[in-house]
Amino acid sequence: MSEVELYPGRVSPLGLGTIPHADILKYTGLELLQRIIDGKYPAPPISFQLSFALTEVSEGRAVFRGVPNERHLNPLGGVHGGWAATLLDSALACAVQTLLERGEAYTTAEFKVNLTRPITPRTGEVVCEGKVVHKGRTLAVSEATLRDAAGKLLAFGTETCSIFPAANLAAR
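Per my numbering: the sequence shown = residues 3 to 174.
This is the structure we're talking about:
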């Protein structure tokens, strides 16, 4: 695999890919995400397509950074709301993943997004921070904000994730 630039200044040294299924059973959710940040796993393909990357994780918290560009425009010239929603979904879900034990997996069951300001390619780098509000045995709830470099709120959201045994993941 070869190095891939996700957006200006952010590179995935191993290119693009997904986490090997056996490793999902071997590591905690936090360990898996830290391995992506550390370059031990490639960045997921969506990071390249949408110009964002996971940059920080800790227990119950995940931070993504991204740069909107012309590839993300809607017909009216603004960045499509789906770009912000995908960035929020990533931070919301990965915040939950940081609390998963070995052998646990998750999927998004529901999420809601509020878009509070327009985003354009001139917005520049944005930061999306997700935090877990509640984690139970089978459900977790998280919240996230998307802000520009000046700290202005661009969007926010909440998410519910279903938690289940990783052994139930379909073989890829």
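Where is the CB? At the ideal position from N, CA and C, for every residue including glycine.
Just so we're clear, the structure is a prediction, and the values are computed from it rather than from any experiment.
- The residue from Tyr108, Gly80, Glu5 and Gly126 with its alpha-carbon nearest to that of Pro47 is Glu5.
- Under the three-state reduction of DSSP, Ala86 is assigned to helix.
- Annotation: Ser53 is outside any beta strand (DSSP E) and is labelled neither H nor E by DSSP.
- In this structure, Val129 and Gly62 do not form a Cβ contact; the two beta carbons are roughly 17 Å apart against a cut-off of 8 Å.
- Note that the C-beta distance between Ala151 and Glu127 is below 8 Å.
- Of all C-beta pairs linking the segment 71–88 to the segment 35–44, fewer than three are shorter than 8 Å, placing the two stretches out of contact.
- Inclusion of Glu106 and Pro167 in the CB contact set at 8 Å is warranted, their separation being smaller than that value.
- Burial check for Gly84: the Cβ neighbour count within 10 Å stays below 16, so the residue is exposed.
- The three-state secondary structure of Ser60, taken from DSSP, is strand.
- One Cα belongs to Gly138, the other to Ala87, and the distance between them is close to 24 Å.
- From the listed residues Ala157, Asn170, His136 and Tyr9, the smallest Cα separation to Arg67 is found for Tyr9.
- Taking 8 Å as the upper bound for CB-CB distance, Ala95 and Thr110 are in contact here, some 6 Å apart.
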